[in-house]
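Structure, as structure tokens:
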Amino acid sequence: MALSLAAVADAERFVDLSGLLESCEVGEFRADFVSWGHYRPEYWRNYWHSHSFYEVCLAYEGEGRFNCGAAEYDVSAGDLFLARPGDVHEIESSRSAPLGIAFWGFTFRPTTVVSGTGWWSGLNRPDGPVMSRELGGLPAVVTALAAEASEPRSGYGEAVAALGAALVLDTARAFALDQDLSVAPVVRERGLVVVEAMQRHLLDNLARPVTVREVAAAVHLSERHAERLFRQVVGASMMSTLRRMRLELAAQLLFDPAYTVTEVARACGYSDVRPFSTAFKRHYGRTPGEYRRTGGTSFVSG
1 MALSLAAVAD
11 AERFVDLSGL
21 LESCEVGEFR
31 ADFVSWGHYR
41 PEYWRNYWHS
51 HSFYEVCLAY
61 EGEGRFNCGA
71 AEYDVSAGDL
81 FLARPGDVHE
91 IESSRSAPLG
101 IAFWGFTFRP
111 TTVVSGTGWW
121 SGLNRPDGPV
131 MSRELGGLPA
141 VVTALAAEAS
151 EPRSGYGEAV
161 AALGAALVLD
171 TARAFALDQD
181 LSVAPVVRER
191 GLVVVEAMQR
201 HLLDNLARPV
211 TVREVAAAVH
221 LSERHAERLF
231 RQVVGASMMS
241 TLRRMRLELA
251 AQLLFDPAYT
261 VTEVARACGY
271 SDVRPFSTAF
281 KRHYGRTPGE
291 YRRTGGTSFV
301 SG
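Residue 1 is where the sequence shown starts when you use the numbering used here, and the numbers rise one by one after that.
In structure tokens:
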């Protein structure tokens with residue numbers, strides 16, 4: 001975290017996001033950004049005031065004080081503090097250990113009817129916390145936004161919109177209650193994920209020789225373990241599945257007259273037309289040429 005905060009200290013170009021990042025969509029919400037700032041660690045004071053938007057400050061160095069309403073909070077590096085719309089507040093840096101902050105301001109409204117609670121409750125709860133040390137990825141996001149603002153390149157619009165959404169999401173999460181963030185655990189069967197990776201490897205290499213050893217190595221399993229797991233999930237061996245995939249690809253390519261049957265065979269991993277034709281007829285009941293002439297349709301004589 002210290003390294004991330006040190007990077008925020010050098011993110012002075014954060015202020016240049018004005019005009020580059022004006023709004024973003026975050027789930028069912030829209031955020032319109034109205035201010036960006038970066039204060040060096042020098043003595044300063046913002047006297048009592050309020051905003052019509054959310055103002056968020058990340059302290060990256062030094063010490064200070066954040067007063068919000070009747071509450072007073074000591075601030076130090078690593079603190080995140082929030083003034084919600086209408087909150088009367090003031091911030092004052094320490095003179096002996098001046099406070100350095102990056103800050104951002106934005107409006108936040110739903111674009112559709114939203115029920116229940118969630119990450120957004122960190123902003124919407126009027127009685128929610130205004131101090132947090134749950135920074136998540138905020139220091140990294142602030143630093144990345146400053147880097148995009150300092151030297152815009154092709155794609156910067158998409159980059160800052162994605163980073164802006166992450167900024168709003170992580171800001172809200174920082175002030176959300178534990179029960180707001182609680183969701184049902186996402187359970188994904190590990191074996192299924194590995195088999196999907198093996199199937200993807202097969203599909204990506206239909207035109208070249210493939211072995212069980214190669215596929216097993218791609219998912220860091222032994223050949224025996226990989227084959228057993230594959231058969232358990234798919235219901236067929238790896239090589240029989242590879243043959244089926246190749247023939248299914250061949251059936252698709254045969255609809256394209258730009259490909260000769262020889263070219264189709266090679267695109268599907270067969271170096272010779274004869275074994276390809278034999279395998280294709282065994283699978284589809286017709287030779288590749290017959291399949292092409294009939295457009296894949298079977299005709300039953302009466």
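Beta carbons are placed, not taken as given, at the ideal position from N, Cα and C, and that holds for glycine.
Here the structure is a predicted model, which is why all the values come from computation and not from measurement.
Given that a residue counts as buried once 16 or more other Cβ atoms are within 10 Å of its Cβ, and exposed if not, what is residue i?
i                 : result
tyrosine 47       : exposed
proline 139       : buried
glycine 191       : exposed
glycine 302       : Because the pLDDT of glycine 302 is 37, which lies under 50, any placement of that residue in the model is unreliable, and the number read from its coordinates should be weighed accordingly. That one is exposed.
valine 264        : buried
valine 8          : buried
phenylalanine 299 : Per-residue confidence for phenylalanine 299 stands at a pLDDT of 48, beneath the threshold of 50, marking its modelled position as unreliable; no derived number is given.
threonine 294     : exposed
serine 132        : buried
phenylalanine 255 : exposed
histidine 89      : buried
glycine 235       : exposed
alanine 162       : exposed
glutamate 28      : exposed
aspartate 79      : buried
histidine 38      : buried
valine 142        : buried
proline 209       : exposed
aspartate 272     : exposed
aspartate 127     : exposed
leucine 82        : buried
glutamate 148     : buried
valine 261        : buried
proline 41        : buried
leucine 242       : buried
Excluding the 5 residues flanking residue i on each side, which residues of the same chain have their C-beta closer than 6 Å to its C-beta?
i             : result
isoleucine 91 : Asn46 and Phe66
proline 129   : Phe175
serine 23     : Asp32
alanine 251   : none
leucine 21    : Phe33, Val160 and Gly164
alanine 172   : Trp119, Trp120, Gly122 and Leu123
serine 18     : Trp36
Which residues does DSSP list as the beta-bridge partners of residue i?
i              : result
cysteine 68    : Ala71 and His89
valine 26      : Phe29
valine 291     : According to the sequence displayed, residue 291 carries tyrosine and not valine. Note: tyrosine 291 sits in no beta bridge, so no partner.
glycine 105    : Ser35 and Glu55
methionine 245 : None; methionine 245 has no bridge partner.
serine 76      : Glu63
methionine 131 : Phe81
glycine 100    : Glu61
proline 110    : Phe29
On the DSSP letters alone, give me the boundaries of the alpha helix (DSSP H) that residue i sits inside.
i             : result
glutamate 223 : 223-234
alanine 265   : 261-267
arginine 213  : 212-218
arginine 173  : 156-175
arginine 274  : 273-284
threonine 117 : Careful: threonine 117 lies outside any alpha helix (DSSP H) and carries neither H nor E.
valine 142    : 138-150
aspartate 178 : 178-181
serine 237    : Counting along the chain, serine 237 falls outside any alpha helix (DSSP H), and DSSP gives it neither H nor E.
serine 121    : 121-124
Leaving out five residues on either side along the sequence, give the residues of the same chain with a beta carbon under 7 Å from the beta carbon of residue i.
i                 : result
serine 277        : Thr287 and Pro288
alanine 77        : Leu5, Ala59, Tyr60, Glu61 and Gly62
glycine 64        : Val75, Ile91, Glu92, Ser93, Ser94 and Leu99
arginine 30       : Ser23, Arg109 and Thr111
proline 85        : His51, Ser52, Phe53 and Tyr54
glycine 136       : Asp170, Arg173 and Ala174
valine 26         : Ala165, Val168 and Leu169
phenylalanine 106 : Ala31, Asp32, Phe33, Val34, Phe53, Tyr54 and Val168
cysteine 68       : Ala83, Asp87, His89 and Val130
glutamate 72      : Arg65
Is there a C-beta anywhere in chain D that falls below 9 Å from the one on residue i?
i          : result
valine 183 : In the displayed structure, chain D is absent; only one protein chain is listed.
Please report the residue range of the beta strand (DSSP E) in which residue i lies.
i             : result
leucine 82    : 80-83
histidine 201 : Taken as a continuous stretch (DSSP letters only), histidine 201 belongs to no beta strand (DSSP E), being part of the alpha helix (DSSP H) at 190-204.
tyrosine 47   : 45-49
Grab me the residues of residue i's own chain with a C-beta within less than 8 Å of its C-beta, minus the 5 sequence neighbours each way, in chain order.
i           : result
alanine 218 : Ala197, Met198 and His201
leucine 247 : Cys268, Ala279, Phe280, His283 and Tyr284
serine 237  : Glu227, Phe230 and Arg231
leucine 249 : Leu206, Ala267 and Cys268
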